[in-house]
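See below for the structure under consideration.
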Amino acid sequence: MKIIVLGAGAIGSLYGAKLSKVCDVTLIARQNHADEINKNGLKVTGLENNAYKLRAITKIEKIGDNTLILLTTKMYDSREAVEGIKNLVKKDTIILCLQNGLYSEDIVKDVIGDKCLVLRGISNVGAAFLKPGAVQYNTHDYTVIEKSRISDDLAERFRKCGFECDVSENIKYEEWKKLIINCLINPISVILGKKNMAVADEKLNPLKKLIADECLKVSEKDGIKLDIDFVKMVNEMIKDSGNMSSMQQDIIKGRKTEIDYLNGAVVELGRKYRIKCPVNGGLVMIVKEMEKGGSI
52 MKIIVLGAGA IGSLYGAKLS KVCDVTLIAR QNHADEINKN GLKVTGLENN
102 AYKLRAITKI EKIGDNTLIL LTTKMYDSRE AVEGIKNLVK KDTIILCLQN
152 GLYSEDIVKD VIGDKCLVLR GISNVGAAFL KPGAVQYNTH DYTVIEKSRI
202 SDDLAERFRK CGFECDVSEN IKYEEWKKLI INCLINPISV ILGKKNMAVA
252 DEKLNPLKKL IADECLKVSE KDGIKLDIDF VKMVNEMIKD SGNMSSMQQD
302 IIKGRKTEID YLNGAVVELG RKYRIKCPVN GGLVMIVKEM EKGGSI
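As numbered in our numbering, residues 52 to 347 make up the sequence shown, in order.
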């Protein structure tokens, strides 16, 4: 199987590097990142210290037989990225959407239609983009792939290169679970201007509970009931984490965040189901102001 990583930032580069142990991998990356990888390899530090030799280009010109497209762009870039390959995909192409946000696979399906199989994946792996040609591997956690005829084979390939990987028969449950975790960690880490472990401070528990309670009301209306204490789960998950949320990384670099697809998605679905989400709505407003360089 050949793999093309479409959107090789921190997470995409990390997955591509490790999957290159078991597959022929090509990264689709920005020019300076691609140039450095082709010249010196992709350096991965943090939980490991390795350099991986793999191919990096800036645009997909052709998709071969039996190719997995690992879509790791920001969710707001999904449509444009997939529009660029919709006439290249084949019947045996598989697109695995490994992104933050709710229902990213629906955007891809809207563009691709029935031309190929589109699957959703959930990543709990943490990484940071250090500089062109170098990423930092911060958190080793599990990856989940939506159940399909090919998913067991994909999961086994992920395991062989060092990722914990499972196949889920209820990917919508996994999407909501990851979404709520992100809704707690990402905006609070941005407001604090600190790494994820700072969000575990118990003084922030009332705020985290308000966020989670709104999310849980909306998820239940959306058909997913999660009997999880998200405040306790998140605190335990990140209390020793040196990882920096992707949203915090975006703010530092002056880039647009995915707030519209995290807390913003909860607010939008809340409107659909007539559930008020003032706390999540307030966080969206704050983060958007910070995107513009505003203060709080």
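Think of the CB as a built atom: it goes at the ideal place given N, C-alpha and C, for glycine as much as any other residue.
According to DSSP, residues forming a beta bridge with residue i
i, result
"Val169", "Ile146"
"Val195", "Ile173 and Asp217"
"Val338", "None, per the DSSP bridge assignment."
"Phe180", "Val186"
Residue of the options minimising C-alpha distance to residue i
i, options, result
"Ile108", "Asp311, Gln187, Asn89 and Leu334", "Asn89"
"Lys290", "Val218, Val317 and Val250", "Val250"
"Gly152", "Ile222, Met284 and Lys246", "Ile222"
"Thr124", "Val186, Ile145, Val162 and Val56", "Val56"
"Asp143", "Asn83, Asp75 and Ile120", "Ile120"
"Ile236", "Leu170, Glu197 and Gln299", "Gln299"
"Gly321", "Ile62, Pro257, Lys268 and Asp165", "Lys268"
"Ile201", "Ser155, Ala263 and Arg171", "Arg171"
"Thr118", "Asp75, Cys328, Asp311 and Asp217", "Asp75"
"Ile232", "Met288, Lys198 and Val241", "Met288"
"Gly97", "Leu122, Ile114, Ala61 and Leu70", "Ala61"
"Glu215", "Ile54, Asp192 and Asp311", "Asp192"
"Lys276", "Phe209, Lys228 and Ser219", "Lys228"
"Ser71", "Ala80, Gln82, Asp161 and Ala102", "Ala102"
"Val140", "Lys104, Ile196 and Cys167", "Cys167"
"Lys94", "Pro257, Tyr188 and Lys327", "Tyr188"
"Glu309", "Glu342, Ala85 and Arg106", "Glu342"
"Ile173", "Ser64, Glu99, Val335 and Leu230", "Leu230"
"Phe281", "Val330, Leu261 and Ile337", "Leu261"
Collapsed DSSP secondary structure at residue i in the structure displayed
i, result
"Cys216", "strand"
"Ala61", "helix"
"Leu139", "coil"
"Leu267", "helix"
"Tyr312", "helix"
"Ile326", "coil"
"Ile201", "coil"
"Asn188", "The displayed chain sequence assigns Tyr, not Asn, to residue 188. Strand."
"Asp278", "coil"
"Asp291", "coil"
"Leu153", "coil"
Cβ neighbour criterion (16 or more within 10 Å) applied to residue i
i, result
"Arg325", "exposed"
"Pro238", "buried"
"Met126", "buried"
"Ile303", "exposed"
"Gln150", "buried"
"Asp203", "exposed"
"Asn247", "buried"
"Asn294", "buried"
Within the region 77-133, note down every full alpha helix (DSSP H) run reaching 4 residues or more, in order along the chain. Here the runs fully enclosed are 82-91.
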